[in-house]
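Notes follow once the structure below has been shown.
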Amino acid sequence: MSGKSFLLLPRRRALFCTNTKLASNYIITFKRDTPDSVLQEKAETIEASGAKITHRYNAAIKGFAVQVPDTSVNAMSAFSDDPHLENFEADGEVTTQGQALLK
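In this text, residue positions in the sequence shown follow UniProt numbering: the first is 1, and each later residue adds one.
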């Protein structure tokens, strides 16, 4: 597989192929009906774990771009059973068949 790793996250059906060996940047999205107070609570939990929120999404989607130090990666697994969670995936370039779809 020459430098590529495959990442299958809990509760997710898709298999993502990224060009990084261990992702430390993640995109965490929440369901549209998630209250802002819950998002604030999740942001505080993320930052308390040692991760850094690098971007907050609040227009088309609700969620965060998160930079996670290697020592905090396990803390992020706490989100896998969260009822408000929509998606939790490694940030990076994603392709369906190893080539760009748009040129």
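We treat Cβ as the ideally placed atom computed from N, Cα and C, and that holds for glycine.
Taken atom to atom, the span from the alpha-carbon of Ser-24 to that of Pro-69 is near 6 Å. Taken through DSSP and simplified to helix, strand or coil, Glu-93 comes out as coil. Check the Cα spacing between Glu-44 and each of Ala-60, Phe-64, Arg-32 and Asn-58: the tightest is with Phe-64. Counting the other CB atoms within 10 Å of its CB gives Ala-51 a total of 16 or more, which places it among the buried residues. The beta carbon of Gln-67 lies closer than 7 Å to those of Ser-24, Asn-25, Ala-51, Lys-52 and Thr-54 in the same chain, with the five residues before and after it left out. Relative to Arg-32, the option among Glu-93, Asn-87, Ser-49 and Asp-81 whose CA is nearest is Asn-87. Between Glu-89 and Ile-27 the beta-carbon gap is near 6 Å, inside 8 Å, which marks them as a contact. Checking the DSSP bridge columns, you'll see Gly-63 partnered with Thr-29 and Tyr-57.
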